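Start counting the sequence shown at 0; every next residue gets the next number (numbering that gives the first Met the number 0).
All C-beta atoms in this analysis are idealised placements derived from N, C-alpha and C, irrespective of residue type, glycine included.
On a predicted model such as this, the values are computed, not experimentally measured, just so you know.
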Amino acid sequence: MNITKLLVGLVAGTLSFAAAAQQPIVIKFSHVVAQDTPKGLAANFFAKKADELTKGKVKVEVYANSTLYKDKEEMEALQLGAVQMLAPSLAKFGPLGVKEFEVFDLPYIFDDYNELHKVTQGPVGAQLLAKLEPKGIKGLAYWDNGFKSFSLNTPIKTPADLKGKKLRIQSSKVLEEEIRTLGGLPQVMAFSEVYQALQTGVVDGTENPISNLYTQKMHEVQKHLTLTDHGYLGYAVIVNKKFWEGLPADVRGQLETAMKESTAYANKIAKEQNDKDLESVKKSGKTTVYVPTKEERLAFKKALVPVHQKMESRIGKDIIQGVYKETGFDPNAL
Ligand code: LMR
């Protein structure tokens, strides 16, 4: 090899090495809801923060609205490393074998966001996230959405109004039991399929925080919405553990800061978004929004709280008691 060739080769090699060194680390973040939901907005916020804090070393690609994967597929994709980050609903960890997360699905276990945060920001929350590690998953944070309400094409004032109705639920045994306890017929279905199932009558109704109902236009195919606030729906932000631990320590630290800021943002906007979307649902005139009286709400609570005990062996008594201890919930005090 003559000297010129050698030099050209060396320069080219150095250039391509430099180019490779400058390639950003890509984090694919897949989720199933619209961009203008609490989770959608928080995911976009994280992408922006990650870019800022790592000075472009990390590029977070957000895939909203099930455009990359649906519910079940995204969990598998994370474990295989086809995506690096997700924020599935806490109701969707059962199929992964981490049933304890279904404690969040227990009807009326949280009265408000304050009670919820005692769990998500306390030792029980940390204990639950740690259970993901043997599955090759690391839990980074909890992001809020909101409290669920029932919708149907017929009015809902008492628990009996849900009897015999086919209701779409997320893949959680606690939610299955909740619907059965009301005499309804639970139908597990991916989130991306719910609108069509409601429209075509494959199911009669569903339960959602208002932000999910509104952004998927479900209110256009449901005549009645009753603000039961009977259960909570929120998220765990999770990453592929091997990927996360393989990141350069400084980059990982910057991403942890980005996640902290995104979590504060997510939990600040969740209630605002749900309140705003409720106003939009009302304004649309497509569905009748009913606010139950105190007595009606109590009737739902009395009907549904027995689900806690029924699901004790699945979730674990210690976990349920741990939540009660944080929130002060007393199942016997109704
Ligand atoms: C649902 O399937 O209803 C929700 O889990 C969707 C979501 O991610 O909020």
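Going by alpha carbons, who is nearest to residue i out of the options?
i	options	result
Y234	V31, G327, I24 and Q22	V31
T180	G163, Q221 and E75	G163
Q120	L174, A248 and D143	D143
T326	P208, N64, K117 and V288	K117
V173	P94, T225 and K285	P94
P106	G230, P291, V280 and E244	G230
L40	K282, Y264 and P154	Y264
G204	R167, T227 and N266	R167
E75	Y289, F92 and A196	F92
S210	L161, D50, Y68 and E278	E278
P305	D50, P330, L161 and T153	P330
L77	Y289, W243, S283 and K301	W243
K259	L52, K165 and D35	L52
L131	K165, G96 and T199	G96
I want to check one thing, is the minimum distance from the CB of residue i to the heavy atoms of ligand 1 below 7 Å?
i	result
V304	no
Q253	no
F45	no
A41	no
S88	yes
F103	no
Q169	yes
D70	yes
F190	yes
K38	yes
V32	yes
L232	yes
N211	yes
N207	yes
N266	no
K91	yes
N144	yes
Check whether the Cβ atoms of residue i and residue j sit closer than 8 Å, and answer yes or no.
i	j	result
F334	A257	Lying outside 0 to 333, the shown extent of the chain, residue 334 is not represented and no answer is given.
K38	A86	yes
E176	M310	yes
V102	I237	no
K58	P23	yes
Y194	K222	no
T225	F146	no
V220	L197	yes
V322	K56	no
A90	L184	no
A63	A33	yes
If you follow the alpha helix (DSSP H) that residue i is in, where does it begin and where does it stop?
i	result
A248	A248 to S283
K38	P37 to L52
I155	Note, I155: premise wrong, no alpha helix (DSSP H); not H, not E.
I108	No alpha helix (DSSP H) holds I108; DSSP gives it neither H nor E.
L128	P122 to A129
Y194	V193 to T199
Q186	Run containing Q186: none in the alpha helix (DSSP H); it sits in the beta strand (DSSP E), L184 to V187.
E295	K293 to L303
In whole angstroms, give me the CA-to-CA distance for residue i and residue j.
i	j	result
S191	Y112	27 Å
D276	K241	38 Å
L128	E72	20 Å
M188	Q169	6 Å
A332	V25	51 Å
N239	G135	6 Å
S171	Q21	43 Å
T286	E206	14 Å
D317	L303	20 Å
Q253	T262	14 Å
K98	Y141	17 Å
L14	F109	Reliability of the predicted coordinates at L14 is poor, the pLDDT of 45 falling under 50, and the value obtained from them is presented with this limitation in mind. Rounded to the nearest angstrom, the two C-alpha atoms are 57 Å apart.
A125	E295	35 Å
A338	F299	Examination of residue 338 is not possible in this model, given that the chain is present from 0 through 333 alone.
K281	N273	12 Å
D228	K293	12 Å
G315	K324	14 Å
P291	L297	9 Å
E271	K137	29 Å
P208	H218	12 Å
L67	I178	30 Å
Counting along the chain, where does the beta strand (DSSP E) carrying residue i start and finish?
i	result
H223	H223 to N239
D143	I136 to L151
N207	G204 to N207
V288	T287 to Y289
K27	I24 to S29
E99	Unbroken run through E99: none, as it is neither H nor E.
K316	Where K316 is concerned, there is no enclosing beta strand (DSSP E), although the alpha helix (DSSP H) it sits in stretches over K316 to T326.
K165	K165 to I168
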